[in-house]
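J.:
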Amino acid sequence: MIDESMSYNEIIESVQFDDPVHLLNVESGIYVNGYVRDYFASEPDENGAIDFYISLYSFSTRIETIYILDEKCVLKPVKFSQETIISEVLDDVSSEQPESPVKKNTITHLITKIILLILIFSMITGGIDFSQFFINNNLTYSRFLTKKYSITQLSSVVRNRVKYVKDYQEVWHKPDFAWKNKFGDCEEYAAIITDYLVKNNIEAYIVTINLKSGGGHAFSVAIYDNSWWIIDPLQSAEKMGVRNFSKKMSINDIFLLYSNSSGIFYRVPQWNGDKTTLVYPNN
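The opening residue of the sequence shown carries number 35 in our numbering; numbering runs sequentially from there.
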């Protein structure tokens with residue numbers, strides 16, 4: 035497991051294929067959730083410094099992205115074409131004087147790694163499901179909401195405060211970041227609402243799901259009086275015929291309103307710092 039509490043050296047020394055990644059920082063206060071698909075370190079420069087590359091599969095977009103991890107554990111997306119990568123690596127190899135077999139093997143391994151990353155990156159699409167369920171253990175309650183609201187009031191307050199500008203897809207803002215900066219998307223709406231409900235001792239979950247119309251979506255559900263309540267303030271839900279604050283007898287009934295496929299729902303950790311998170315597949 036790789037998370038934001040780890041140091042740079044801890045990450046590069048312990049990272050493994052398929053490790054879950056929990057809200058690593060991607061510059062400017064945004065975070066990415068996913069798991070590790072591949073990783074490699076560049077050859078040391080003249081000062082002994084290396085670039086550490088890590089390829090992460092996003093649970094929001096279901097797309098793989100390559101990042102450079104800096105020493106402050108900030109992920110920086112790498113944008114380059116296949117031709118640029120291969121030509122730069124080949125240029126580096128051709129400029130080298132004859133090396134020992136060990137050095138040649140290292141360079142060959144690096145080239146192989148890069149080519150594999152390119153192939154994986156080009157093959158991953160939005161329709162490929164992930165094989166392991168995501169365990170989110172970093173969405174903790176922040177005291178940005180101090181008033182007592184009914185669920186309908188809370189939904190209205192969040193929608194009026196946090197403006198839906200665009201779908202940020204592969205990143206999740208922390209609830210307090212979205213609240214402070216007044217922008218976000220469906221994931222932030224769900225995180226804020228669910229965090230608030232859990233803080234007030236109401237059993238609530240964030241649901242992530244593939245929509246019938248295509249694309250991903252996130253919303254909240256709460257369990258009250260032996261019923262499941264949908265809390266989804268976005269107008270897009272209304273256009274799909276999903277009525278906000280409607281109740282259903284089971285989570286499966288809710289899944290069927292949104293999607294023809296299975297979904298994942300998981301619990302926001304308790305506001306007291308408890309890191310235990312429950313994850314359930316749609317059986």
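For every residue, glycine included, the Cβ atom is placed at its ideal position computed from N, Cα and C.
In this text, all values refer to a predicted model and were calculated from it rather than measured experimentally.
Just tell me which of L290, N260, W262 and N194 has its CA closest to the CA of M274.
T.: For the purposes of this step, residue 274 is taken as residue 240 along the sequence shown, with counting starting at 1. M274 has its Cα closest to that of L290, out of L290, N260, W262 and N194.
J.: Evaluate S41 with the Cβ neighbour count: other Cβ atoms within 10 Å of its Cβ, from every protein chain shown; 16 or more gives buried, anything less gives exposed.
T.: Position 7 of the sequence shown holds residue 41. By the neighbour-count rule (16 or more Cβ atoms within 10 Å), S41 is not buried but exposed.
J.: So what does DSSP say about L245, is it helix, strand or coil?
T.: The count along the sequence shown starts at 1 and reaches residue 245 at position 211. Here L245 sits in coil by DSSP.
J.: In terms of alpha-carbon separation, which member of N260, S293 and T228 lies closest to V276?
T.: Translated into positions along the sequence shown, residue 276 becomes position 242. For V276, the nearest C-alpha among the options comes from S293.
J.: Leaving out the 5 sequence neighbours to the left and right, which residues in its chain are closer than 8 Å to D85 when beta-carbon positions are compared?
T.: Counting from one through the sequence shown, the residue named residue 85 turns up at place 51. A75, S76 and I102, listed in sequence order.
J.: Secondary structure at L188, three-state DSSP: helix, strand or coil?
T.: As a position in the sequence shown, residue 188 is number 154, starting the count at 1. L188 falls in the helix class under three-state DSSP.
J.: Could you pull the DSSP bridge partners for G26 from this structure?
T.: A question about residue 26 goes unanswered here, because the residues of the chain that appear run from 35 up to 317.
J.: May I have the straight-line CA-CA distance separating C220 from Q50, to the nearest angstrom?
T.: The residue labelled residue 220 in the question sits at position 186 within the sequence shown. The residue labelled residue 50 in the question sits at position 16 within the sequence shown. Taking the straight line from one Cα to the other gives about 31 Å.
J.: What span of residues does the alpha helix (DSSP H) with L291 cover, start to end?
T.: Walking along the sequence shown from the start, residue 291 turns up at place 257. Taken as a continuous stretch (DSSP letters only), the alpha helix (DSSP H) holding L291 covers I285 to Y292.
J.: Any idea if D229 is buried or exposed, counting beta-carbon neighbours within 10 angstroms, 16 or more meaning buried?
T.: In the sequence shown, residue 229 corresponds to position 195, counting from 1. With 16 or more Cβ atoms within 10 Å of its Cβ, D229 is classed as buried.
J.: I'd like to know whether the C-beta atoms of W263 and S284 end up nearer to each other than 8 Å.
T.: Walking along the sequence shown from the start, residue 263 turns up at place 229. Walking along the sequence shown from the start, residue 284 turns up at place 250. No; because the gap between Cβ atoms is not below 8 Å, this pair is not in contact.
J.: Does R193 come out as helix, strand or coil in the three-state DSSP assignment?
T.: Indexing the sequence shown from 1 puts residue 193 at position 159. Of the three classes helix, strand and coil, the one that applies to R193 here is helix, per DSSP.
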